[in-house]
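Report on the following structure.
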Amino acid sequence: MATDTSKSNSDGQGAWLTLDAWAVIIALLLAVAVKCNIFHNVPW
Amino acid sequence: MATSVSVTSVESGSPVVNALRIVPGVLLLAGIGYAGKVLEKTINTYAKAHHWRFPNIEYVLWAILIGLLISNTLSIPRIFQAGIATYEFWLKLGIVLLGARFVVADVLKLGGISLGLVVIEITLSLALMTLLGRLFKLKPKLTSLLAIGSSVCGVSAIIAAKGAINADDEDSSFAIAAILALGALSLFTFPAIAHGLHMNDVSYGLWAGLGVDNTAEATAAGALYSDAAGKVAVLAKTARNAMIGFVVLGYALYWAGRGQAEAVTNKATFLWKKFPKFILGFLFISLLVSFHTFDKGQVTSLGNLSKWAFLLTFAGVGLRTNIRDMSKQGLRPFIVGALGEVLIACLTLGLVIGANRIWGL
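In order, the protein sequences belong to chains S and L. Here the first sequence is numbered in the numbering used here, starting from 1 and rising by one per residue. Here the second sequence is numbered in the numbering used here, starting from 1001 and rising by one per residue.
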């Protein structure tokens, strides 16, 4: 399996939003959903 | 050059098409992760009901083992590849959400200790790997990549450094393969050694965060020991990741000085570009929790969401580890990496034991 080291999906070069930014945005959306009780008592 | 993992970026195209492309692979990650969780529960219940003395194998290990089994016995269809490559996104999402399980005081205390140990660890690791690279007559840029990968944060650091020091694809693939192979081994060796030494959760978590190179493996190695150790391992590893810009900048300046890499025009911009921004998200969530933005149940929910995100990461760790591909890599970089890693593991263990004596972790 080839490893493409020419692009990094961690620094998101060339992408319109980096992977880090996506992770933070989705985490904040989830935090808002939890705060507003849209996600209530998430099980584990 | 073959390695164990496809980190292929999502190709440009319609956002809807890109989102659909990752669905099969994400479902595979979720399926494997959930199977690991079900297996842990089922086997424990069965062993208890039949009075078996069966060791408790955590869902983390089951998820990794199932992934390993699939990637090493079957050829994973192309349709799953894009989704499997998202394991890194789930890792970062999990880390940001894990901020909910730390109040700022914890981050400052443990993070401060971690940062101090990280600076010592990075300095010694860089010196050690450079020395070993010279002893084994590795190419200078391959030595630099191995030193960066083993001292800071594995694959991400190597990828970040590759462009900065103008290293070729072959060298970076060698370095990535060595770091991943050693990371896979550490999943089994670190917890076993720590159990033998009866380490407490905080000490072990610090050791895993300092000694295991790749963030996904460090998170898994921590979680394999205990939930609390996993938490600390992520914090220590995050402190290590924060140093990526400084180390890569140092190497970029070194190679630019020798006329073998592009000159760095603006150091501050360079540092910001290389800084892992998800750390800011982690700190922000931790800050929100410290100011009681969430009630106790909501904090638990955020912690559980973090665990679900990590579950997909652990499945990805197994799926991207292909032992056959790793064995195709040259032996010398692996030996240098292995020797260096063993010494760094001993060194970080000594640092953690010393810190435990001083601060009583």
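Just so you know, even glycine gets a beta-carbon here, dropped at the ideal spot from N, CA and C. Being a predicted model, the structure only gives us computed values, none of them experimental.
State the Cα-Cα distance for the pair residue i and residue j, rounded to the nearest angstrom.
i       : j       : result
L/G1112 : L/A1256 : 32 Å
L/P1276 : L/M1243 : 9 Å
L/G1316 : L/V1026 : 9 Å
L/F1314 : L/K1139 : 33 Å
L/T1042 : L/G1031 : 16 Å
S/T5    : L/V1155 : Interpretation of S/T5 is limited by its pLDDT of 38, a score under 50 that renders its predicted location unreliable; the figure taken from the coordinates is listed afterwards. Those two C-alpha atoms are separated by around 10 Å.
L/E1262 : L/L1271 : 15 Å
L/K1162 : L/L1145 : 7 Å
L/G1354 : L/T1143 : 29 Å
S/A31   : L/A1309 : 14 Å
L/I1120 : L/V1016 : 46 Å
L/R1134 : L/G1259 : 20 Å
L/N1072 : L/S1173 : 19 Å
L/G1116 : L/R1021 : 42 Å
L/R1357 : L/G1149 : 29 Å
L/L1187 : S/N41   : 31 Å
L/Q1081 : L/G1360 : 45 Å
L/I1344 : L/L1124 : 8 Å
L/L1126 : L/Y1254 : 14 Å
L/I1084 : S/I26   : 18 Å
Assign residue i to buried or exposed, taking buried as 16 or more other Cβ atoms, counted over all protein chains shown, within 10 Å of its Cβ.
i       : result
L/T1238 : buried
L/C1346 : exposed
L/S1004 : For L/S1004, the pLDDT reaches just 41, beneath the cut-off of 50, and the residue's location in the model is therefore unreliable, although a value from the coordinates is still provided. With 16 or more other Cβ atoms within 10 Å, it is buried.
S/V24   : buried
S/C36   : exposed
L/K1231 : buried
L/K1141 : buried
L/K1092 : buried
L/R1078 : exposed
L/E1170 : exposed
L/T1348 : buried
L/A1049 : exposed
L/S1291 : This sequence places Phe at residue 1291 of chain L; Ser is not what is there. By the neighbour-count rule (16 or more Cβ atoms within 10 Å), L/F1291 is not buried but exposed.
L/S1327 : exposed
L/T1265 : exposed
L/Y1059 : buried
L/K1267 : exposed
L/L1331 : exposed
S/I38   : exposed
Within the continuous alpha helix (DSSP H) that includes residue i, where are the two ends?
i       : result
L/S1114 : 1104-1135
L/D1213 : That residue, L/D1213, is in no alpha helix (DSSP H); it is neither H nor E in DSSP.
L/G1360 : From DSSP, L/G1360 is part of no alpha helix (DSSP H); its letter is neither H nor E.
L/D1171 : 1169-1197
L/A1100 : Where L/A1100 is concerned, there is no enclosing alpha helix (DSSP H), given that its DSSP letter is neither H nor E.
L/R1053 : Looking at the DSSP string, L/R1053 is not in any alpha helix (DSSP H), and its letter there is neither H nor E.
L/T1313 : 1296-1319
L/T1269 : 1267-1274
L/F1291 : Careful: L/F1291 lies outside any alpha helix (DSSP H) and carries neither H nor E.
L/P1140 : 1140-1151
L/A1082 : 1078-1084
Contact check, residue i vs residue j under 8 Å by CB: the rounded distance?
i       : j       : result
L/I1179 : L/G1337 : 7 Å
L/K1274 : L/A1160 : 5 Å
L/L1210 : L/V1118 : 7 Å
L/K1028 : L/I1285 : This sequence places Leu at residue 1028 of chain L; Lys is not what is there. L/L1028 to L/I1285, Cβ: 28 Å. No contact.
L/L1068 : L/T1321 : 6 Å
L/V1352 : L/L1206 : 5 Å
L/V1152 : L/V1247 : 5 Å
L/N1214 : L/G1183 : 4 Å
L/Y1087 : L/A1216 : 7 Å
L/W1062 : L/G1036 : 3 Å
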